[in-house]
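*Asks:* Taking the numbering used here, I'd label the letters of the sequence shown as residues 7 to 240.
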Amino acid sequence: MTGMFPLTLNQVVVRRRGRLVIGPVDLTIGQGGPLIVMGPNGSGKTTLLRVMHGVERINAGSINWAREHPERHAFVFQSPIIMRRSVFENLAYPLRLLRRPKDEISDAVNHWITRIGLENRGTTSASRLSGGERQKLALARALIRKPDVLFLDEPCANLDGRATREIEALLQETAVTGTRVIMSTHDMGQARRLAQEIVFMLGGKVHETGDAQSAFANPKTAEFAAFQRGDIVT
Numbered sequence: 007m008t009g010m011f012p013l014t015l016n017q018v019v020v021r022r023r024g025r026l027v028i029g030p031v032d033l034t035i036g037q038g039g040p041l042i043v044m045g046p047n048g049s050g051k052t053t054l055l056r057v058m059h060g061v062e063r064i065n066a067g068s069i070n071w072a073r074e075h076p077e078r079h080a081f082v083f084q085s086p087i088i089m090r091r092s093v094f095e096n097l098a099y100p101l102r103l104l105r106r107p108k109d110e111i112s113d114a115v116n117h118w119i120t121r122i123g124l125e126n127r128g129t130t131s132a133s134r135l136s137g138g139e140r141q142k143l144a145l146a147r148a149l150i151r152k153p154d155v156l157f158l159d160e161p162c163a164n165l166d167g168r169a170t171r172e173i174e175a176l177l178q179e180t181a182v183t184g185t186r187v188i189m190s191t192h193d194m195g196q197a198r199r200l201a202q203e204i205v206f207m208l209g210g211k212v213h214e215t216g217d218a219q220s221a222f223a224n225p226k227t228a229e230f231a232a233f234q235r236g237d238i239v240t
């Protein structure tokens with residue numbers, strides 16, 4: 007489905023107000039299961055995701071997809087961006103932008119409302135939803151367009167255990183359908199549950215990449231080993 011990989015970042019640098027945020031970053035991402043970008047707060051995880059998504063300007067280097075179709079990307083933020091409309095209208099909006107037929111929109115929206123457990127709440131204002139419900143709505147709104155690549159920036163950071171489990175289940179189902187899930191987290195438990203591949207960032211640089219199972223069992227760097235133990239790494 008995707009055909010967009012590999013994604014190659016070559017000597018990518020991002021600076022803000024003269025301060026180095028990330029870089030230089032050399033990274034190649036192929037097709038596969040969920041890729042989890044890990045690291046402590048301030049390590050550059052969010053900036054790296056934004057660079058890959060194409061919404062962060064780079065100061066040096068290059069980013070190349072095997073097949074470039076930016077409209078096939080979706081991004082879910084840590085604090086979900088929800089329109090002041092009903093649940094139904096929030097989900098219908100991206101399909102209306104694509105000028106999909108009304109019947110198709112209605113069928114897709116009703117499917118996703120049920121899938122995220124908000125059946126019978128289609129007319130409810132999204133602003134009245136709980137934090138976990140809003141995050142599930144944001145995820146459904148991203149997935150309703152069937153993106154090739156789904157980026158998520160710490161989507162469960164502010165959620166309770168139940169909401170986290172529900173979102174992780176949706177992400178696992180999404181990965182099975184062929185959508186490439188690329189997500190940041192500093193939660194080692196979540197990374198172990200979801201990751202097939204990992205990228206470990208520290209100080210704006212990529213310190214370790216590879217197969218998740220191997221990386222967790224035999225970290226290549228002292229910094230990643232310390233991070234796994236819960237030590238403070240800088």
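Even for Gly, the Cβ is constructed at its ideal location relative to N, Cα and C. Values in this document were obtained by computation on a predicted structure and should not be read as measured data.
1) Once you ignore the five residues that flank K51 on each side, which residues in its own chain have a CB closer than 6 Å to its CB?
2) Suppose you measure from the CA of F157 to the CA of F222; what does that come to, to the nearest Å?
3) DSSP three-state call for M7: helix, strand or coil?
4) State the DSSP-derived secondary structure class of E288, mapped to helix, strand or coil.
5) For a test of the three-state rule: what should DSSP assign to M58, helix, strand or coil?
6) Drop a sphere of 10 angstroms on the beta-carbon of S49, count the other beta-carbons inside from all chains shown, and report buried for 16 or more, exposed for fewer.
7) Are I88 and A146 close, meaning C-beta to C-beta below 8 Å?
8) Count the other C-beta atoms from every protein chain shown that fall within 10 angstroms of the C-beta of R79, then say buried if there are 16 or more, exposed otherwise.
9) Leaving out five residues before and five after T227 in sequence, what residues of the same chain have Cβ atoms less than 7 Å from its Cβ?
10) For D154, tell me which candidate among T185, Q178, Q196, T170 has the shortest Cα-Cα distance.
11) Can you give the beta carbon distance from D159 to Q84, rounded, assuming they're within the 8 Å contact cut?
12) Quick check: the segment 125-145 against the segment 90-105, are at least 3 beta-carbon pairs closer than 8 Å?
13) Can you tell me where the beta strand (DSSP E) holding L33 begins and where it ends?
14) Taking the straight line between their C-alpha atoms, what separation do you get for E229 and R56?
15) What residue ranges within the segment 185-227 form continuous alpha helix (DSSP H) runs of no fewer than 4 residues, ordered along the chain?
16) Which residues does DSSP list as the beta-bridge partners of V155?
17) Can you tell which of A148, G210, H117, G38 has the C-alpha that lies nearest to the C-alpha of I204?
18) Pull up the CB-CB distance for R27 and G216, whole angstroms please, since I reckon it's below 8 Å.
19) Which runs of the alpha helix (DSSP H) at least 4 residues long sit entirely within the segment 97-152? Give them in chain order.
20) Within the same chain, show all residues whose beta-carbon is closer than 8 Å to that of E62, passing over the 5 residues directly before and after it, in chain order.
21) Between L97 and V115, which are expected to be in contact by the criterion C-beta below 8 Å, what is the C-beta distance as a whole number of angstroms?
22) Check G167 in the structure and name its three-state DSSP category.
23) For T1, is the classification buried or exposed, using 16 other Cβ atoms within 10 angstroms of its Cβ as the cut-off for buried?
*Replies:* In brief:
1) Only residues of its own chain outside the window of five on either side were considered, and among them V43, G45, S190, M207 have a CB closer than 6 Å to the CB of K51, listed in chain order.
2) A direct Cα-to-Cα measurement between F157 and F222 gives close to 22 Å.
3) Interpretation of M7 is limited by its pLDDT of 48, a score under 50 that renders its predicted location unreliable; the figure taken from the coordinates is listed afterwards. Of the three classes helix, strand and coil, the one that applies to M7 here is coil, per DSSP.
4) This structure cannot settle anything about residue 288, because the visible part of the chain is limited to 7 through 240.
5) The three-state reading of DSSP puts M58 in helix, counting H, G and I together.
6) The residue in question, S49, is buried, as its Cβ has 16 or more Cβ neighbours within 10 Å.
7) Cβ distance not < 8 Å, so I88 and A146 don't count as in contact.
8) Reading off the sequence, residue 79 comes out as His, not Arg. By the neighbour-count rule (16 or more Cβ atoms within 10 Å), H79 is buried.
9) Contacts found: H213, E214.
10) Taking only the C-alpha atoms, the option nearest D154 is T185.
11) Confirmed, Cβ separation roughly 5 Å.
12) The answer is yes - the segment 125-145 touches the segment 90-105, with three or more Cβ pairs under 8 Å.
13) Residues 25-35.
14) Our two residues, E229 and R56, have alpha carbons roughly 24 Å apart in a direct line.
15) Correct list: 194-200, 218-223.
16) Note: V155 sits in a beta bridge opposite H79, R186.
17) Here the closest residue by C-alpha is G38.
18) With the sequence shown as reference, residue 27 is identified as Val, and Arg is not the correct amino acid for it. The C-beta separation of V27 from G216 comes to about 24 Å, leaving the pair out of contact by the 8 Å criterion.
19) Here the runs fully enclosed are 108-121, 137-149.
20) Closer than 8 Å at the Cβ level, and outside the excluded window around E62, lie V20, T53, R56.
21) Between V115 and L97 the Cβ distance is about 4 Å, and since that is below 8 Å, they are a contact.
22) Three-state result, G167: helix.
23) A query on residue 1 cannot be resolved here, the shown segment of the chain reaching from 7 to 240 and no further.
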